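As structure tokens, the structure follows; a few thoughts come after it.
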Amino acid sequence: MTRRAIITIVRHGETDHNRAKIIQGHLDTPLNPEGEAQAVVVARFLGQTVKFEETWSSDLQRARKTAEAIASQQTDGVELQIDERIRERFLGELQGKHRASAPPSAHQTIEPGPVLSRRLMSFWDEKLASLPSLSSPSDPPTQILLVSHGGAIRHLIEDLVVARKQDYAIDLQTTDEETLREGIMRRIGNCCVTEVHVEEVEGKWVGRLTKYADEEHFVESSRAPSRTGNEDVID
414 MTRRAIITIV
424 RHGETDHNRA
434 KIIQGHLDTP
444 LNPEGEAQAV
454 VVARFLGQTV
464 KFEETWSSDL
474 QRARKTAEAI
484 ASQQTDGVEL
494 QIDERIRERF
504 LGELQGKHRA
514 SAPPSAHQTI
524 EPGPVLSRRL
534 MSFWDEKLAS
544 LPSLSSPSDP
554 PTQILLVSHG
564 GAIRHLIEDL
574 VVARKQDYAI
584 DLQTTDEETL
594 REGIMRRIGN
604 CCVTEVHVEE
614 VEGKWVGRLT
624 KYADEEHFVE
634 SSRAPSRTGN
644 EDVID
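Each residue of the sequence shown is one higher than the one before, counting from 414 in the working numbering.
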């Protein structure tokens with residue numbers, strides 16, 4: 414008996430705050446029309462390429478509406494489940510402001526990195542522990558969808574490939590020199606796709622990051638995400 418999974422992680426579609434470069438954090442901002450259209454593009458792409466057995470979303474509506482669009486394109490009608498642990502980082506007094514207009518003291522009100530790590534990894538470890546066993550080594554891996562936020566996704570991936578680097582490797586299947594050079598420092602655009610393959614080996618989980626902020630589904634679309642930075646990523 415073995416357990417394997419492919420976890421597809423999608424950032425939500427664009428919001429007006431994204432476009433205006435306003436910090437969001439826990440603000441419950443809606444998708445704008447462009448974000449709704451981006452969600453349709455990624456939903457159709459994933460509907461044609463992946464059959465999800467579990468779908469999870471942040472409770473914030475910009476992620477939830479993106480996840481609902483993706484779930485609607487799944488032929489077997491998978492149930493969308495909500496977990497606030499994968500919502501964006503709480504950005505305190507920075508929320509609702511442009512970064513340049515926020516006083517230096519506002520940074521003291523941000524959710525500390527270790528606290529963010531604990532809630533994200535609590536979710537991750539809980540979901541891995543609940544994965545079903547496969548009846549045969551030849552069975553396909555369990556397919557899981559997570560819809561979250563740019564800052565949270567980047568922090569989660571850093572926790573995996575840096576803090577748990579003995580168990581998780583970067584294995585990006587790309588020849589794009591910029592992607593390889595920048596690795597996980599590259600921005601995650603709206604509705605871009607990140608993918609982690611995990612497998613239980615001798616009682617512990619090991620994984621490979623095989624896609625990061627991938628935009629292949631936008632190649633022939635006018636809905637490609639903006640190249641501007643993500644204001645909710647605070648180093």
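Using N, Cα and C, we set each Cβ at its ideal position, and we do this for glycine too.
For clarity, every value in this text was computed on a predicted model and none was experimentally measured.
Contact check between the segment 550 to 560 and the segment 460 to 479: three or more CB pairs, one atom from each, fall below 8 Å, which counts as touching. DSSP, read as helix, strand or coil, puts valine 463 in coil. C-alpha of glycine 505 to C-alpha of alanine 519: approximately 7 Å in a straight line.
Cβ neighbours of histidine 430 within its own chain (closer than 6 Å, five residues either side excluded): Gln437 and Thr442. The three-state secondary structure of lysine 578, taken from DSSP, is coil.
Contact annotation: histidine 568 and aspartate 645 have beta-carbon atoms that are not nearer than 8 Å. Between tryptophan 537 and aspartate 580, the C-beta spacing is not below 8 Å. Ranking Ser549, Ala515 and Ile570 by CA distance to the CA of serine 530 puts Ile570 first. Glycine 426 is not a Cβ neighbour of cysteine 605, given a cutoff of 8 Å. When rounded, the separation of the alpha-carbon atoms in arginine 498 and alanine 476 is 13 Å. With a contact defined as Cβ atoms closer than 8 Å, isoleucine 419 and glutamate 613 miss out at about 14 Å.
A residue is called buried when at least 16 other Cβ atoms come within 10 angstroms of its Cβ; proline 638 meets this threshold and is buried.
Contact annotation: glutamate 633 and glycine 602 have beta-carbon atoms that are not nearer than 8 Å.
By the CB criterion at 8 Å, alanine 582 and arginine 621 fall inside the cutoff. With fewer than 16 neighbouring CB atoms inside 10 Å of its own CB, histidine 511 falls in the exposed class.
Excluding sequence positions up to five before and after alanine 484, its CB lies within less than 7 Å of the CB of Thr468, Val491 and Leu493, all in the same chain and listed in chain order. Sequence-distant Cβ neighbours of alanine 456 in its own chain, meaning closer than 7 Å and more than five residues away, are Ala482, Ile483, Ser485 and Gln486. Just so you know, the alpha carbons of leucine 585 and histidine 610 end up roughly 11 Å apart. When the Cα atoms are used, proline 553 and proline 516 turn out to be separated by approximately 51 Å. Cβ neighbours of leucine 541 within its own chain (closer than 7 Å, five residues either side excluded): Val611 and Trp618.
DSSP lists Val614 as the bridge partner or partners of lysine 617. By the neighbour-count definition (other C-beta atoms within 10 Å, threshold 16), valine 574 is a buried residue. DSSP lists no bridge partner for lysine 540. Classified as buried, valine 454 has 16 or more neighbouring CB atoms from the shown chains inside 10 Å of its CB.
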